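The structure under discussion appears below in the form of structure tokens.
In full-length UniProt numbering, the protein residues as written are 1 to 77.
Rendered as structure tokens:
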């Protein structure tokens, strides 16, 4: 398993962070590092997550995150 850094642009609304963290928790994916910061647009936040997993697990994480209504854009760095 290798480390992946996932950058997520999401709506800056209450509960958005818990929905993303809950997705990881419900599927037993580990978050090694989590950082959230505002963007120039007050309605959006940037979340950066460091996690480990096989390529198949990371693809699954991407698919699940993209289903969340708060997620605008997702990039694996």
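Glycine included, C-beta positions come from ideal geometry on N, C-alpha and C. These figures come from a predicted structure and were not determined experimentally.
- Secondary structure of residue 37 (DSSP, three-state): strand.
- The Cβ atoms of residue 71 and residue 9 lie closer than 9 Å to each other.
- Exclusion of the five residues before and after residue 23 leaves 64 as the residues of its chain whose Cβ lies within less than 6 Å of its Cβ.
- Comparing C-alpha distances from residue 45 to each of 35, 67 and 57 shows the shortest one belongs to 35.
- In the three-state reduction of the DSSP assignment, residue 32 falls in the coil class, being assigned neither a helical nor a strand state.
- Rounded to whole angstroms, the separation of the alpha carbons of residue 6 and residue 27 is 17 Å.
- In the DSSP assignment, residue 22 falls within the alpha helix (DSSP H) that extends over 16 to 26.
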